[in-house]
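Going by my numbering, the sequence shown opens with residue 209, and the numbers climb by one from there. Heads up, the beta-carbon is just placed ideally off N, CA and C, and yes, glycines get one too. Step one of this worksheet: look at the structure below.
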Amino acid sequence: MNEAHEIAGAVVLCPVCLVPSPDPFMKIGAQHYWKCSVCEARFLDPAQHPAPEEERRQYALHENDPDDPRYRNFLAKLVEPLAACLPEPSQGLDYGCGPGPALAEMMRERGHDMSIYDPFFFPGEEALSRSYDFIACTEVAEHFHYPAKEFDRLHDLLRPGGWLGIMTSFQTADDCFANWHYRKDPTHVVFYREETFQTIAAWRGWSCHFPAPNVCLMRKAFHSFGKSSPISR
């Protein structure tokens, strides 16, 4: 095994598309980052992911007040284009909603029936036992330790023709990566480009477009042919 593709004896896969042998990208302090030549994701070496207790401490510091007009304005970048795709009422899931599920409240105000799920703050499995017309993930995908599994789960939760809305800061300039504020959050472990989401969508038969900066809308096909990737999951 090439040492460049192995740390402490563990073979590295791209966590987004599961392609083996990603390329070394950057070492910043003690942190090793990789890049995938297939989906263009950049990601922290999985052996260096934060522990759950550290993640929860960081998430508890977030000020996600559903009544804060500035936060609502921020979420509107996803809420408005997503809501424009939906008939009323639709059934939706705020996936990874954090301690203050503001997006769910904003969608309820638009006439939609909302469920919430967060592995730390709203961990009830009931929300994951249903299917939905749409799912929203705002500032969540960058925290996924196993993105391929998460997107497969979201695929299964969506009804045929359902919408998945993602908001995350897209990674664009490699020469700015080391000093990028988004990278410096210790709970951010994977970073996406437009090409990354296009790959995620293509391998699941979804459509994909980008209605605003840092926003991706994907739609599950009405006739799903299942999930696919370059290697078996």
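Quiz prompt | Residue of 225, 257 and 260 minimising C-alpha distance to residue 243 | solution = 225
Self-check item: Of the listed residues 239, 258, 264 and 233, nearest to residue 249 (C-alpha basis)
Solution: 233
Quiz item: Looking only at C-alpha atoms, which of 403, 269, 412 and 306 sits nearest to residue 418?
Solution: 403
Quiz prompt | Among 391, 238, 423 and 322, nearest to residue 351 - alpha-carbon criterion | solution = 391
Exercise. Return the CA-CA distance between residue 219 and residue 295, expressed in angstroms with no decimal places.
Key: So the alpha carbons of these two residues sit roughly 45 Å apart.
Quiz item: Is it true that the CB of residue 240 sits closer than 8 Å to the CB of residue 397?
Solution: no
Quiz prompt | Extent of the continuous beta strand (DSSP E) run through residue 418 | solution = 415–420
Quiz prompt | Straight-line Cα distance separating residue 384 from residue 376 | solution = 17 Å
Quiz item: Taking the C-alpha atoms as reference points, what is the distance between residue 291 and residue 357?
Solution: 26 Å
Quiz prompt | Three or more C-beta pairs below 8 Å linking the region 404–416 and the region 275–287 | solution = no
Quiz item: With distances taken from CA atoms, which of 307, 362 and 355 is nearest residue 342?
Solution: 362
Self-check item: Segment limits, beta strand (DSSP E) that includes residue 233
Solution: First-last of the beta strand (DSSP E) with residue 233: 231–236.
Quiz item: DSSP three-state call for residue 367: helix, strand or coil?
Solution: strand
Exercise. Please state whether DSSP places residue 379 in a helix, a strand or coil.
Key: coil
Quiz prompt | Identified DSSP bridge partners for residue 399 | solution = 250.
Quiz item: Thinking C-alpha only, which one of 359, 287 and 329 is nearest residue 311?
Solution: 287
Exercise. Specify, as a first and last residue, the run of the beta strand (DSSP E) that residue 227 falls within.
Key: Neither: residue 227 is in no beta strand (DSSP E) and is coded neither H nor E.
Quiz item: Roughly how many angstroms separate the alpha carbons of residue 328 and residue 340, rounded to a whole number?
Solution: Rounded to the nearest angstrom, the two C-alpha atoms are 21 Å apart.
Quiz item: In terms of residues, what are the limits of the alpha helix (DSSP H) holding residue 351?
Solution: Note, residue 351: premise wrong, no alpha helix (DSSP H); not H, not E.
Quiz item: Around the Cβ of residue 373, are there at least 16 other Cβ atoms within 10 angstroms (buried) or fewer (exposed)?
Solution: buried
Quiz item: Less than 8 Å separating the beta-carbons of residue 424 and residue 405?
Solution: yes
Self-check item: Cα-Cα separation between residue 421 and residue 378, rounded to whole angstroms
Solution: 8 Å
Quiz item: Among 299, 306 and 395, which has the Cα closest to the Cα of residue 252?
Solution: Among 299, 306 and 395, the Cα nearest to that of residue 252 belongs to 395.
Quiz item: Going straight from the alpha carbon of residue 235 to that of residue 319, what length do you get?
Solution: Looking at the two C-alpha atoms, the distance is approximately 47 Å.
Quiz prompt | Rounded distance between the beta-carbons of residue 354 and residue 228, thought under 8 Å | solution = About 15 Å separates the two Cβ atoms, so there is no contact after all.
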